[in-house]
Structures are given as structure tokens and as C-alpha cells.
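Novice:
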Amino acid sequence: MRTLDIFGYSFSAIKLRKFRAALTTLGVIIGIAAIVALLSITQGLQATITSQLNQGLSADTLIVTAGGSAISGGGGGFGGFGGQTENSGFSLYTNYTQEIDALSPDIANSVAIISRSGYIVSENLNRSVTIYGVDYATYQSIYTNTFKAENGSIPTSPSMTEVVVGTRVNQPSQNGTVFFNTGDLVNVTWTNATVLPLRNETYIAQVSGVLGKIGGFGIGGPSDTGVYIPLEQAQSFFNTTQCDMIIVKLTNSDSATVDAVTKAITEHFSDQVSVISSTAVLSLLSTVFGTIQLFLGGIAAISLLVAGVGIMNIMIVSLIERTREIGILKALGMKSRTVLTIFLGESVIIGFIGAIIGILLGWALANVTATVLGEGGVIGGGSGAFSITPILTPEVILGSLAFGIGVSVIFALYPAWRASKLKPVDALRYE
Amino acid sequence: MPTNTPVVEAINVKKTYMLGKVPVEALRGVNFHVAAGDFVSILGPSGSGKSTMLNLIGALDKPTSGQLLIDGVDIGTLSDNQLSELRLKIGFVFQFFNLIPRLTARDNVELAMSIAGVSKSQRRKHAVELLENVGLKDRINHKPAELSGGQQQRVAIARALANNPKFLLLDEPTGNVDSKTAAEVLSLLKKLNTEDGVSIIMVTHDEKLAKQARRTVKMFDGEICADEANGQ
Ligand SMILES: Nc1ncnc2c1ncn2[C@@H]1O[C@H](COP(=O)(O)OP(=O)(O)OP(=O)(O)O)[C@@H](O)[C@H]1O
Ligand SMILES: [Mg+2]
Chain A
1 MRTLDIFGYS FSAIKLRKFR AALTTLGVII GIAAIVALLS ITQGLQATIT
51 SQLNQGLSAD TLIVTAGGSA ISGGGGGFGG FGGQTENSGF SLYTNYTQEI
101 DALSPDIANS VAIISRSGYI VSENLNRSVT IYGVDYATYQ SIYTNTFKAE
151 NGSIPTSPSM TEVVVGTRVN QPSQNGTVFF NTGDLVNVTW TNATVLPLRN
201 ETYIAQVSGV LGKIGGFGIG GPSDTGVYIP LEQAQSFFNT TQCDMIIVKL
251 TNSDSATVDA VTKAITEHFS DQVSVISSTA VLSLLSTVFG TIQLFLGGIA
301 AISLLVAGVG IMNIMIVSLI ERTREIGILK ALGMKSRTVL TIFLGESVII
351 GFIGAIIGIL LGWALANVTA TVLGEGGVIG GGSGAFSITP ILTPEVILGS
401 LAFGIGVSVI FALYPAWRAS KLKPVDALRY E
Chain B
1 MPTNTPVVEA INVKKTYMLG KVPVEALRGV NFHVAAGDFV SILGPSGSGK
51 STMLNLIGAL DKPTSGQLLI DGVDIGTLSD NQLSELRLKI GFVFQFFNLI
101 PRLTARDNVE LAMSIAGVSK SQRRKHAVEL LENVGLKDRI NHKPAELSGG
151 QQQRVAIARA LANNPKFLLL DEPTGNVDSK TAAEVLSLLK KLNTEDGVSI
201 IMVTHDEKLA KQARRTVKMF DGEICADEAN GQ
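Which chain is which? The protein sequence lines are A and B, in order. Residues 1 to 431 in the numbering used here are what the first sequence spells out, letter by letter. Residues 1 to 232 in the numbering used here are what the second sequence spells out, letter by letter.
(1) Where the beta carbon is closer than 7 Å to any heavy atom of ligand 2, which residues qualify, in chain order?
(2) Is it buried or exposed, A:Ala112, if we count other Cβ atoms within 10 angstroms and call 16 or more buried?
(3) On the three-state DSSP scale, how would you describe A:Met160?
(4) Report the residues of the stretch 416 to 431 of chain A with a CB closer than 8 Å to any CB of chain B, ordered along the chain.
(5) Since A:Tyr96 is in the alpha helix (DSSP H), which residue starts that stretch and which ends it?
(6) For A:Phe237, report the span of its alpha helix (DSSP H) as first-last.
(7) Spatial neighbours of A:Leu198 within its chain, please: CB distance less than 8 Å, with the 5 preceding and 5 following residues excluded, ordered by chain position.
(8) Can you pull the DSSP bridge partners for A:Asn439?
(9) Count the other CB atoms within 10 Å of the CB of A:Pro394; is the residue buried (16 or more) or exposed (fewer)?
(10) With distances taken from CA atoms, which of B:Lys120, B:Ala210, B:Arg154 is nearest B:Leu131?
(11) Could you confirm whether any beta carbon from chain A is found closer than 9 Å to the beta carbon of B:Ser119?
(12) Residues of chain B with a CB under 9 Å from the CB of A:Lys18: which are they?
(13) May I ask you to check if the CB of B:Val24 is nearer than 8 Å to at least one heavy atom of ligand 1?
(14) Quick one: complete alpha helix (DSSP H) runs, 4+ long, within the stretch 159 to 213 of chain B?
(15) Measuring CB to CB, does B:Val13 end up less than 9 Å from B:Phe32?
(16) Let me check you understand the geometry: is the CB of B:Ser48 closer than 8 Å to at least one non-hydrogen atom of ligand 1?
(17) Just to confirm my understanding: we take B:Ser114, look at its own chain, exclude 5 residues before and 5 after, and list those with CB closer than 7 Å. What are they?
(18) Please list the terminal residues of the continuous alpha helix (DSSP H) segment that includes A:Met315.
(19) Compute the distance between the beta-carbons of A:Gly358 and A:Ile114, then report whether it is under 9 Å.
(20) Going by beta-carbon coordinates alone, are B:Ile140 and B:Val93 separated by less than 9 Å?
(21) If the cut is a Cβ gap below 9 Å, which residues of chain B does A:Ile320 touch?
(22) A:Thr24: which of A:Ser387, A:Asn367, A:Val317 sits nearest, CA to CA?
(23) How about B:Asp61 and B:Arg215: are their beta carbons less than 9 Å apart?
(24) Count the CB pairs spanning the stretch 167 to 187 of chain B and the stretch 51 to 59 of chain B that are closer than 8 Å, and state whether there are at least three.
(25) At the 9 Å Cβ level, is A:Ala21 part of the contact set with chain B, yes or no?
(26) Please return the same chain residues whose Cβ sits closer than 7 Å to the Cβ of A:Arg127, not counting the five positions on each side in sequence.
(27) Going by DSSP, name the residue or residues bridged to B:His33.
(28) What residues in the stretch 334 to 359 of chain A bring their beta carbon closer than 8 Å to a beta carbon of chain B?
(29) Is DSSP giving A:Ile113 helix, strand or coil here?
(30) So does the stretch 72 to 79 of chain B actually touch the stretch 145 to 153 of chain B, counting three or more Cβ pairs closer than 8 Å?
(31) According to DSSP, which residues form a beta bridge with B:Ser65?
(32) Closer than 9 Å, CB to CB, is B:Phe94 near chain A or not?
(33) For A:Ser283, decide whether its Cβ has a neighbour in chain D, counting only Cβ atoms nearer than 9 Å.
(34) Note down, in chain order, every chain B residue with its Cβ under 7 Å from the Cβ of A:Ser12.
(35) For A:Met315 and chain B, any beta-carbon pair shorter than 9 Å?
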């Protein structure tokens, strides 16, 4: 029997029971749509985070922190590192930058950062921020493009009370409503938790510069919600000579250089620091997202398996109903193999149609979800809302198609095999 | 006219069904032959093994023992696939017609050809011709439920003839139709036999109909008890 005729026959059988076929297909549609929606949203999210990270984390900078754990959350997600680090006993001090600078000719510069959660208070604003103590000149030489004033300027040798703020500190909603201007005086406050009872420490600072919009995340790099005070002021205000991280700028971004310097720094501090490079963060990120995708995709795949059981159920019912028909086909000379193909053909058609509709539906669902999340600002955290654009890769499309058809066929195998094994005499006698 | 070439040769054919653990001997050693071009009717009481015999000749089942040669080949030695191929050369008309309800008369006839691998355009043309031959020219697009019993019967005959079979097997073809339709069907069969040379084996209960064949084989309790030519 010709292949086209086999498929035509399968199709005529499906057409006879349209409603039943539609219900069976619905199971596949839901499963595939769930897979496509979840995967395209997580891939979109990953792309967004990666691109934001790439902005805030250049390939030629390394981040040195105390202790083993590489990424520890602080105020504002990735945007800042919490002050109190692990209790490894080892601490980074601000003057370690000199030791680091001497380690390798590939190191251009390094800057120590002290960060604390605090508030900025002006006449009509009380805003929770992360306060960073940095050496303005060095920090600017590392982050030339982002640590750049849009209003006012960044003083090269600042007085103790000068302050530079990110654009969202001054203008949180980014709609033109500005809470203070350069030259204005603001209160810089942090809650000193190293003494009891807890005490709010405050000093009056003068705003000398507001940064341009940076957007998104950045590790170590300037942030839209950051407040930058001179390092000496931070040391006396926070009463510490320790720092939370040291940013190391390299002369080039070869992976060999990155690896060599990473090793040199780690060895210099006897393995008591962790050195994060953008490549390491990005690869960690892709591992994390890989796991998330596997997990979400796996859950969605289970729903498809449920659909598969439904297909098997329907096929067995239809096999029983069509016993006589199978007997006729065999009596007319149809081979067992062809009977098998006809039944599998029906499941291929159901799987194919279900997968196609499922992919379209899942894609639509992903876009609706992304829009709703974007508007609601659910995603964005402390660093300001950003939008996700769902991504549908050819791999996901082909994979879903193959999976949808595969599941249908696998669950149809048993009923189809039983149909093909029916003996014509018995099938014809069947009432 | 019957020739000397046998299309069916049964040598001591036995068929035993197992009903649970109880063996039921449906055929107890049947010897029988049909020459090409012959028209044989099989007559016998209910349960005598007529359908069992016909199913074996139609390659729908294998004998338990003995030899059954169809066109010179012992079907007992054939694989499932080879049996399927053999069935393509045999036209079978079942007692209850067994048309596929969702297909029209023409599609039912076409189906037999499509299983044999005939191309769409060829089988379409041939199906219409076959239906015209059995007098159903104006019913080709009717589904079985929209046809009378006699019309369904004729569709089944047209389908059985679709692949130019060596021989035609009919299991009580007139069991469900009135005597007038039965006479019509029978004259159609005689025409096929005399004009087109199709060998025919027909199972029936009706002695008058059986007499119209060239030869009548009588069965009783799984054995052949008489085999006589009908003088015409
Ligand atoms: N699949 C089967 N399993 C068990 N016994 C069977 C089976 N098929 C037929 N038989 C038995 O074999 C015997 C012959 O049956 P068969 O159908 O050949 O009779 P028949 O001559 O065609 O009768 P009828 O004229 O009523 O159609 C019967 O006793 C029947 O019960
Ligand atoms: Mg019978």
C-alpha cells in the first residue's frame, strides 16, 4: 500500500471522530504549550540578565571578595554586596589594592569598595539605597563609560562631604521629577549594627554629581540606585578599614590572562578569597538557567506524558471499536505492518497537529505573560524594572515538535501493535 | 468452463478449535478440489464446517493439519506476510458483507485496490466500472447505511472483484436478501463465471440456489458427504 494512501486512510479515521480526536489533541496542545511558554520565558529572562550583566561586568575586570562563596546577595540583588561577609575569619582591607597591583604586569589598576545599606534623606525624599565608598579617580578609570556624571561632575580629589549618586536616587520614577539637584545638601544615613543599641549615623553631604542612566545589574560596577562617597569618608563614617570587594582591572581580557591573574590573586591570599570573572559569572548563570529550564521543562513534559496516557486510552477504545474493520482490512490483503502504520499514522497526525498548535499557543502565552510581568514590575528587584522578551529558538520548536509526535507515537505503539496482531478470522467474527 | 488446472486442492484438511481446553473438530479431514473456471456451491447444515472451510480457502486461517494448496502453494507453510499477499488474489464476499461504514461504495471498492498498491487515478476509474457492472452506477457515492441489503451485497462483490482475483469466495451471499435479489445476485455470478472465467466457491443453505452452480459439495459434521455435478 502506498504511503500517501496509508496516511489518507489514517486521516479518514480521525475525521470520523472529530470531537474525540480534538480532545485527544488538546492534551498534546496543553503539554507542548506549557513547555514552549516556560522555555521561551526563561530563555528570554536569561538573555535579558546576561545582557544586563555584560553591561555591568566587563570581561577585563575581576572581582575579589573574602571567603569561599562567590556570589552573596546583598542590598539590591546583584547590585550590591552585603557588608557582613562569611565568618571565615579572613577579611579584605582597603590597602590590599597595593599588594594586588604589584602581583602582575597584566593588572592595570584595582579599587576597593566598602558598601552598606543606608538611606538618603532630603527635604522631600527618604530613599533606601546602597552606599559605596570608592576612590573616585580609580573607580572612574575602571568604569569610564558608566561612572560618568550627567549633571555636575565627579570631583577628582573630593572633599569628605561630597557625594555622587545614581540617576534613580535623584529621580526614582525616571519621569522628570527630580528630588534634588547638584549642589543641594542631603543627609546620608546608615544604621550602625556593630553597636548596641543600634544607632543611626548621619552626616550632611553635598551632591556634586548625578550619574547618567546605566540600567540593570552590575557587579561592582556603578548602579542607578548607588550612592558613592569618597573612600576615606566611608572608612571613617563606617568606622572600618575593611572593604567588601576589590575590583581589579586587567590590561586585556584574554582568557589566559584572566586565568593567570585569578590564580595569582587566589594564591597570594592563600585561597581565602574568591575571584569572580565575568566569564565565570556568565557560565554560572547559564548553569543555573540550564537547571531551571530542565526543571520547568520537566514539569511541563509530565503533562505531556499524561496526554500520552490519554492517547493510549483512546487508541485502545478505538481499537476495540474497529476490530471488525481491521478484520476486513486484513481479509482484503493488508499486511500487519500496514495496519500498524495506519494506527501509528493516526497518532503522528494527532501529535503533529497538537504540537503545531501547542507551539503557537505557548508562544502567545509567553508573550502575554512577559507583557503582564513587565507592566506589573514583578521582575526587576531593586535595580529597576526591565522587560523580558521571550525567545523561541529553533531548537525549542523542533524539540517540541519531535517530543509531541514522539510521545503520541510511543503511547500508540502498544494499541497499534495489538491491532496489527489481530487474526483476520477472529476480528471478522467480533461483534 | 472448468479446466484441468486446480486452483484449490485440499488433502485431508483438519481444523480443530480449542474452546478453553475442549477441542472442537470443525473439519475432520476434508479432501476436495476446485479447477480453474469452476463454479462450486457448498451446502450443509449449520455448524457443519462450511465457513471454516471457506476461511481456509480464503487464506484467513491455517489448517491444523493436512495440506491446502491454493494456486499450487501449501498455505500451511506461508508466513503472515505471504498470506496477506495471497489474499490480494482472492475475492471474498462475507455473509454480512463487511463494508466499511464511513466509506462510500466507490471508496470501499477503491480500498481493496489501494491495499494492492494501485494508483489513485487507476483505481478511481476501475471502481466506477466495477460498480457499473454490478448495476450500481447511480449509487457510487452512497455509504453502506444508505444502500439496501442487496445493493450492499453487490458493492461487496464489486470490491471482491477489484483486484482481478483468481477466484471468488462467497459465504451465504443471499442469506440476508429476498429471493428476487438472490436470483439477481446469482445471475450476476453466473455471468462472471461464464463470461469472465472467474472461479467461484459459494456457501449456501438454499438447495435451489446451490443447484445453479456447476457442482455441489455437501458437508456434514466437518466432512464432505457428497460431491456431485449439477446437470444443466
Ligand atoms: N473460532 C472458533 N472457536 C471455536 N469453535 C469454532 C470457531 N469457529 C467455528 N467453530 C465451531 O466449528 C464448527 C463449524 O463452524 P462453521 O462456522 O464452519 O459452521 P458453518 O457450517 O459455517 O455454519 P453456519 O451455516 O451456521 O454458518 C461449529 O461447531 C463451530 O461452533
Ligand atoms: Mg457459516
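Even for Gly, the Cβ is constructed at its ideal location relative to N, Cα and C. Note that the coordinates shown come from a computational prediction; the quantities given were computed from them, not determined experimentally.
Specialist: Straight from the coordinates:
(1) B:Lys50, B:Ser51, B:Gln95, B:Asp171, B:Glu172, B:Val203
(2) Position 112 of the first sequence, counted from the start, is the residue given in the question as residue 112 of chain A. A:Ala112 comes out buried.
(3) For the purposes of this step, residue 160 of chain A is identified with residue 160 of the first sequence, where counting begins at 1. Coil, per DSSP.
(4) Lys423, Pro424, Val425, Leu428
(5) Within the first sequence, the letter at position 96 stands for residue 96 of chain A. Start and end: 96 to 101.
(6) In the first sequence, residue 237 of chain A corresponds to position 237, counting from 1. Residues 231 to 237.
(7) The residue labelled residue 198 of chain A in the question sits at position 198 within the first sequence. Within the same chain, A:Leu198 has close Cβ partners Thr191, Asn192.
(8) Nothing about residue 439 of chain A can be read from this structure; chain A reaches only from 1 to 431.
(9) Taking the first sequence and counting its residues from 1, one reaches residue 394 of chain A at position 394. With fewer than 16 Cβ atoms within 10 Å of its Cβ, A:Pro394 is classed as exposed.
(10) Numbered from its first residue, the second sequence carries residue 131 of chain B at position 131. Nearest of B:Lys120, B:Ala210, B:Arg154 to B:Leu131, Cα basis: B:Arg154.
(11) Mapped onto the second sequence, residue 119 of chain B falls at position 119. So, interface residue.
(12) Sequence index remark: in the first sequence, residue 18 of chain A carries index 18 (1-based). What A:Lys18 touches in chain B: nothing, since even the nearest Cβ is about 12 Å away.
(13) Within the second sequence, the letter at position 24 stands for residue 24 of chain B. Result yes, Cβ under 8 Å from ligand 1.
(14) 179 to 196, 207 to 211
(15) Within the second sequence, the letter at position 13 stands for residue 13 of chain B. Within the second sequence, the letter at position 32 stands for residue 32 of chain B. Their beta carbons are under 9 Å apart, which means B:Val13 touches B:Phe32 by this criterion.
(16) One-based indexing of the second sequence puts residue 48 of chain B at position 48. Yes, ligand 1 has a heavy atom inside 8 Å of this Cβ.
(17) Locating residue 114 of chain B in the second sequence gives position 114, where the first residue counts as 1. Closer than 7 Å at Cβ, skipping near neighbours: Arg123.
(18) Reading the first sequence from its first residue, position 315 is the one you call residue 315 of chain A. Segment 278 to 321, the alpha helix (DSSP H) holding A:Met315.
(19) Stepping through the first sequence from its first residue, residue 358 of chain A is reached at position 358. Stepping through the first sequence from its first residue, residue 114 of chain A is reached at position 114. No. Outside cutoff.
(20) Start at 1 with the first residue of the second sequence, and residue 140 of chain B comes out as number 140. Start at 1 with the first residue of the second sequence, and residue 93 of chain B comes out as number 93. Contact: no.
(21) Within the first sequence, residue 320 of chain A is the residue found at index 320, counting from 1. Within 9 Å Cβ-Cβ: nothing; A:Ile320 doesn't reach chain B, min ~16 Å.
(22) Here residue 24 of chain A is taken as the residue at index 24 of the first sequence, counted from 1. Among A:Ser387, A:Asn367, A:Val317, the Cα nearest to that of A:Thr24 belongs to A:Val317.
(23) Sequence index remark: in the second sequence, residue 61 of chain B carries index 61 (1-based). Sequence index remark: in the second sequence, residue 215 of chain B carries index 215 (1-based). Cβ atoms of B:Asp61 and B:Arg215: not closer than 9 Å.
(24) yes
(25) Here the question's residue 21 of chain A lines up with position 21 in the first sequence. With 9 Å as the cut-off, A:Ala21 does not count as an interface residue toward chain B.
(26) The count along the first sequence starts at 1 and reaches residue 127 of chain A at position 127. So the list reads Tyr119, Ile120, Val169, Pro172, once near-sequence residues are dropped.
(27) On the second sequence, position 33 is the one that residue 33 of chain B refers to. B:Glu9, per the DSSP bridge assignment.
(28) Met334, Lys335, Ser336, Arg337, Thr338
(29) By one-based count along the first sequence, residue 113 of chain A stands at place 113. In this structure, A:Ile113 counts as strand in the three-state DSSP scheme.
(30) no
(31) Taking the second sequence and counting its residues from 1, the one referred to as residue 65 of chain B is at position 65. Note: B:Ser65 sits in a beta bridge opposite B:Lys14.
(32) On the second sequence, position 94 is the one that residue 94 of chain B refers to. So, interface residue.
(33) The chain inventory of the structure shown lacks chain D, comprising the protein chains A and B.
(34) The residue given as residue 12 of chain A occupies position 12 in the first sequence. Under the 7 Å cutoff, chain B gives Arg102.
(35) To locate residue 315 of chain A, count along the first sequence from 1; it is residue 315. With 9 Å as the cut-off, A:Met315 does not count as an interface residue toward chain B.
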